[in-house]
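Trainee:
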Amino acid sequence: MTPRELAALVRLIGPARHIVLGTAADPVSRADGERIAEAWGGLVLATVTWPETAASWLRQARRFAAPEPDVWVVSATPAGWAGMARRLRLSTSWSPHRTLTTSALADFALPGLRGTRPDGTTWET
1 MTPRELAALV RLIGPARHIV LGTAADPVSR ADGERIAEAW GGLVLATVTW
51 PETAASWLRQ ARRFAAPEPD VWVVSATPAG WAGMARRLRL STSWSPHRTL
101 TTSALADFAL PGLRGTRPDG TTWET
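What follows is the structure, given as structure tokens:
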């Protein structure tokens, strides 16, 4: 994650009172998640990490959605996020309209999802 991307993501989080941070289990996603939490500096209700492959992602999806944050923030790989997002839509009250992602998921077509690009610009599907 570039410094511009991080700054743009923090701006998108904006005045949120609290967030839930979700990351894939790979080292880059986890490190980016830590950088996001530190740069934002607000209350992180939960940090949930999920594997690239899982039988259902149900446990992780419930932990991710349960705190009902102002904003969900995701740093993940497309493969892991695809399974997690599918489980979130099927089994929880999670909303893509309240979710922000890093540039790794810029091509993930899910209506309402928003995120940042490495150059600091933003996108929305």
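With our numbering, letter number 105 in the sequence shown gets 105, and the count goes up by one each step, no holes. All C-beta atoms in this analysis are idealised placements derived from N, C-alpha and C, irrespective of residue type, glycine included.
1) So, at 7 Å on beta carbons, what are the nonlocal neighbours of T2 in its own chain, with the 5 sequence-adjacent residues on each side left out?
2) Among residues of its own chain, excluding the 5 on either side of T122, which ones have a beta-carbon nearer than 8 Å to its beta-carbon?
3) By alpha-carbon positions, which one of W57, R86 and V71 ends up nearest to A109?
4) What are the start and end residues of each continuous alpha helix (DSSP H) run of 4 or more residues lying completely inside the region 58-87, in chain order?
5) Which class does A37 belong to by DSSP, given the choice of helix, strand or coil?
6) Could you tell me whether the region 61-70 touches the region 23-37, using the rule of 3 or more Cβ pairs below 8 Å?
7) Taking DSSP as the reference, what is the three-state secondary structure of A46?
8) Please state whether the Cβ-Cβ distance between T99 and W72 is less than 7 Å.
9) What did DSSP end up calling A109 once you bin it into helix, strand or coil?
Mentor: This is what the structure gives:
1) P118
2) A8, L12, R114, G115 and T116
3) R86
4) 58-65
5) helix
6) no
7) strand
8) yes
9) coil
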